[in-house]
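Undergrad: First, the structure itself, so that you have it in front of you.
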Amino acid sequence: MSTKAFNAFEMAQTQFDKVAELLNLDQGTRDLLRQPMREFHFNIPVRMDDGTVQVFRGFRVQHNDARGPAKGGIRFHPMETIDTVRALAMWMCWKTAVVDIPLGGSKGGVICDPHNLSVRELEHIARGWVRQIAQNIGPLSDVPAPDVMTSPQIMLWMLDEYETIMRAQYPGVITGKPVNMGGSLGRTEATGYGVIYTVREALKQLGMRPDNSIASVQGFGNVAQYAIQLFNQLGGTVICVSCWDQGDSLSYTYRKKDGVSLDQLLGITDRFGGIDKKKAKDLGYEVLPGDAWIEQEADILLPSAIENQITAENVNKISKRVKVIAEGANGPTTPQADEVIQQRGIFLIPDFLANSGGVTCSYFEQVQNAMNYYWQKDEVLGKLDVKMTAAFLAVSELAVRKKLFMRDAAFVIAVSRVAQACRDRGWV
Ligand code: GLU
């Protein structure tokens, strides 16, 4: 067991340093890209329902905006740290670059636990976050979106607060809005569906078919739910999902060997993706320890929860049957675990490619907001598929041509694009 606490930003910098070496980047570009351009730390005082005032810590990190306005979600999480937000902002920058949309990368966070907050308290945190940062975000500078434990409703409160401060309508200041309030059809599905578009392409290259493939999923939030939906539509079987249990603060894996039923599980899931353990048992699910998802006899692993889940400690539990790992979450695999996955020849679809469907659809949302004209869902998802498939093929082609691990190939493409934009602007 490693004794050092996991630090996502150190991991992101380690990954970056490796690519900087591969690309032989000059020192100035390295110094610029391994640190955020700007970051904001602030307090959000909130009058709680019991009359007391509680102060929440909020962050926004803008990693780089050379390719376009900074873009990235906001997490509400009890364990949020500035270093996690820094890492996630850097990863957003690579994500918008690899999928080639004209945006930079940023991320925000608030240290809070939405499980223990009322709707009114959540609204005040959301509005308070915007009041602290309103002058430093905007449709042409930095555009937030949903992430872990934030929702379209939270985006709408944030939009409303921003527009109240600015005294005009700015629908493009935030994405992931509800569909009747400037949101895009398909945005809710986009991240999970996008993961499966890339899995579909990977399976083609491996000569495998989704309709006789088995997947094991970690997470049961927005990403996992829609990934399962599309994988099932392609004929694939999901044998288990693993998620957090708010009741006893542990995670569990819910398994049905002939395939979990998405609709059945959705019927016993809370708004944070937590499954009711007792009801799951009654429905005939085996309830296993939280990390059992990683050792299942499956063809595909879909880590779709949070960072730091496949580590040096558990990577060797991955079954010999696993051929593909598609990272729905941001940063689920540590660099040490990555080495093992690479040595074993597993086809890895790295996070910032696999889960880029969310931000790509956010970009489509901004485009629709700017036109004030809205596309049908099929049109949005069709454009999403084209964009993601093209990004996947560019990465896999480079990986084959230069004999690179898929993650390294994706990094080479993304970091080159961002570095080029910095050079073109005369920054480095
Ligand atoms: N939070 C999502 C991500 O990590 C989406 C970001 C966005 O839509 O801007 O990619």
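First residue of the sequence shown? That's 63 in my numbering, and the numbers climb one at a time after it.
Glycine residues also receive a C-beta, built at the ideal position from the N, C-alpha and C atoms.
Tell me which residue opens and which closes the beta strand (DSSP E) that Tyr-314 is part of.
TA: Within the sequence shown, numbered from 1, the residue matching residue 314 stands at position 252. Where Tyr-314 is concerned, the enclosing beta strand (DSSP E) stretches over 312-317.
Undergrad: Going by C-alpha distance, which of Asn-392, Met-468, Arg-100 is nearest Thr-253?
TA: Here residue 253 refers to the residue found at position 191 when the sequence shown is read from its first residue. Checking every option, the nearest Cα to that of Thr-253 belongs to Asn-392.
Undergrad: Compare the Cα-Cα distances from Arg-193 to each of Arg-129, Gly-134, Asn-69, Phe-121 and report the closest residue.
TA: As a first step, residue 193 is located in the sequence shown; it is residue number 131 there, counting from the start. For Arg-193, the nearest C-alpha among the options comes from Phe-121.
Undergrad: Once DSSP output is grouped into helix, strand and coil, what is the label at Phe-467?
TA: In the sequence shown, the residue the question calls residue 467 occupies position 405. Residue state, collapsed to three classes: coil.
Undergrad: Taking just the CA atoms, how far does Glu-459 sit from Lys-449?
TA: Indexing the sequence shown from 1 puts residue 449 at position 387. Indexing the sequence shown from 1 puts residue 459 at position 397. Taking the straight line from one Cα to the other gives about 15 Å.
Undergrad: Whole beta strand (DSSP E) runs in the segment 321-375 with 3 or more residues, listed along the chain?
TA: Taking only runs of at least 3 residues, the beta strand (DSSP E) segments lying wholly in the segment 321-375 are 348-351, 362-365.
Undergrad: Mind listing, in chain order, the continuous alpha helix (DSSP H) runs of no fewer than 4 residues lying wholly within the segment 193-277?
TA: Whole alpha helix (DSSP H) segments, 4+ residues: 214-228, 249-268.
Undergrad: For the candidate residues Gly-166, Asp-440, Phe-282, whose alpha-carbon lies nearest to that of Arg-100?
TA: Residue 100 sits at position 38 when you count from the first residue of the sequence shown. Nearest C-alpha to Arg-100: Gly-166.
Undergrad: May I ask you to report which of helix, strand or coil DSSP gives Ser-478?
TA: To locate residue 478, count along the sequence shown from 1; it is residue 416. In this structure, Ser-478 counts as helix in the three-state DSSP scheme.
Undergrad: Do Ile-106 and Gly-234 count as a contact pair if the criterion is CB distance below 7 Å?
TA: Numbered from 1 along the sequence shown, position 172 holds the residue referred to as residue 234. Numbered from 1 along the sequence shown, position 44 holds the residue referred to as residue 106. Taking 7 Å as the Cβ cut-off, Gly-234 and Ile-106 do not qualify as a contacting pair.
Undergrad: Please list, in chain order, all residues of the same chain as Gly-148 whose beta carbon is under 6 Å from its beta carbon, the five residues on each side excluded.
TA: Along the sequence shown, read from residue 1 onward, the residue named residue 148 stands at position 86. It is worth fixing the name first, because residue 148 is Arg in this sequence and not Gly. Cβ within range, chain order: Phe-71, Pro-98, Val-123.
Undergrad: Give the list of continuous alpha helix (DSSP H) stretches no shorter than 4 residues that lie fully inside the segment 377-455.
TA: As far as the segment 377-455 is concerned, its whole alpha helix (DSSP H) runs of at least 4 residues are 397-405, 413-416, 419-433.
Undergrad: Does the beta-carbon of Lys-464, which I'm using as the reference point, lie nearer than 6 Å to any heavy atom of the ligand GLU?
TA: Looking up residue 464 in the sequence shown gives position 402. Checking every heavy atom of the ligand GLU against the Cβ of Lys-464, none is found closer than 6 Å.
Undergrad: Looking at Ser-278: is its Cβ nearer than 7 Å to the Cβ of Ala-360?
TA: Numbered from 1 along the sequence shown, position 216 holds the residue referred to as residue 278. Numbered from 1 along the sequence shown, position 298 holds the residue referred to as residue 360. Yes, these two residues count as a Cβ contact at 7 Å.
Undergrad: Would you give the residue range spanned by the beta strand (DSSP E) that Val-490 belongs to?
TA: Here residue 490 is taken as the residue at index 428 of the sequence shown, counted from 1. No beta strand (DSSP E) holds Val-490; DSSP gives it neither H nor E.
Undergrad: Under 6 Å: does the beta carbon of Thr-226 sit that close to some heavy atom of the ligand GLU?
TA: Position 164 of the sequence shown, counting from 1, holds the residue named residue 226. No - the ligand GLU has no heavy atom lying nearer than 6 Å to the Cβ of Thr-226.
Undergrad: Please determine whether the Cβ atom of Asp-209 lies at a distance below 6 Å from any heavy atom of the ligand GLU.
TA: Your numbering for residue 209 matches position 147 in the sequence shown. Checking the Cβ of Asp-209 against the ligand GLU gives yes.
Undergrad: Looking at the strands, I want to know which residues DSSP matches up with Cys-305.
TA: The residue labelled residue 305 in the question sits at position 243 within the sequence shown. Cys-305 is bridged to Tyr-314.
Undergrad: Taking the CB atoms as reference points, tell me whether Ile-337 and Cys-302 lie closer together than 7 Å.
TA: If you number the sequence shown from 1, residue 337 lands on position 275. If you number the sequence shown from 1, residue 302 lands on position 240. No.
Undergrad: For Thr-66, verify whether its CB is less than 6 Å away from any heavy atom of the ligand GLU.
TA: Indexing the sequence shown from 1 puts residue 66 at position 4. As written in the sequence, residue 66 is Lys, which differs from the Thr given in the question. No - the ligand GLU has no heavy atom lying nearer than 6 Å to the Cβ of Lys-66.
Undergrad: May I ask you to check if the CB of Lys-449 is nearer than 6 Å to at least one heavy atom of the ligand HEM?
TA: In the structure shown, the ligand HEM is absent; the only ligands present are the ligand GLU.
Undergrad: Taking 6 Å as the cut-off, does the CB of Val-421 come closer than this to any heavy atom belonging to the ligand GLU?
TA: By one-based count along the sequence shown, residue 421 stands at place 359. Correct: Val-421 has its Cβ closer than 6 Å to the ligand GLU.
Undergrad: Pairing CB atoms from the segment 146-161 with CB atoms from the segment 173-180, are three or more of them under 8 Å?
TA: Flag = no, the segment 146-161 and the segment 173-180 do not touch.
Undergrad: Tell me whether Asn-126 is buried or exposed, calling it buried when 16 or more other Cβ atoms sit within 10 Å of its Cβ.
TA: Residue 126 sits at position 64 when you count from the first residue of the sequence shown. Buried.
Undergrad: What residue does the alpha helix (DSSP H) around Arg-148 start on, and which one ends it?
TA: Numbered from its first residue, the sequence shown carries residue 148 at position 86. Element bounds for Arg-148: 144-160.
Undergrad: Output the distance between the C-alpha atoms of Pro-201 and Gln-358, rounded to the nearest integer angstrom.
TA: Counted from its first residue, the sequence shown places residue 201 at position 139. Counted from its first residue, the sequence shown places residue 358 at position 296. Roughly 44 Å separates the two Cα atoms.
Undergrad: Return helix, strand or coil for Ser-64, following the three-state DSSP convention.
TA: The residue labelled residue 64 in the question sits at position 2 within the sequence shown. Reliability fails at Ser-64, whose pLDDT of 48 lies under 50, so the model's placement of it is uncertain and the value that follows must be treated cautiously. In this structure, Ser-64 counts as coil in the three-state DSSP scheme.
Undergrad: According to DSSP, simplified to helix, strand and coil, what is Pro-98?
TA: Counted from its first residue, the sequence shown places residue 98 at position 36. Coil.
Undergrad: Just to confirm, is the Cβ distance from Ser-424 to Gly-390 under 7 Å?
TA: Taking the sequence shown and counting its residues from 1, the one referred to as residue 424 is at position 362. Taking the sequence shown and counting its residues from 1, the one referred to as residue 390 is at position 328. No.
Undergrad: Span of the alpha helix (DSSP H) holding Ile-290?
TA: To locate residue 290, count along the sequence shown from 1; it is residue 228. Ile-290 -> alpha helix (DSSP H) spans 284-295.
Undergrad: In its own chain, which residues sit with a C-beta less than 8 Å from the C-beta of Leu-85, not counting the 5 before and 5 after it?
TA: Counted from its first residue, the sequence shown places residue 85 at position 23. Cβ neighbours of Leu-85 beyond the five flanking positions: Val-474, Val-477, Ser-478, Ala-481.
Undergrad: Near Leu-345, which residues of its chain fall below 7 Å by C-beta distance, leaving aside the five closest residues on each side in sequence?
TA: Numbered from 1 along the sequence shown, position 283 holds the residue referred to as residue 345. Gln-326, listed in sequence order.
Undergrad: For Ile-403, I'd like the list of residues in its chain whose CB is within less than 6 Å of its CB, leaving aside the five on either flank, ordered along the chain.
TA: If you number the sequence shown from 1, residue 403 lands on position 341. Leu-410.
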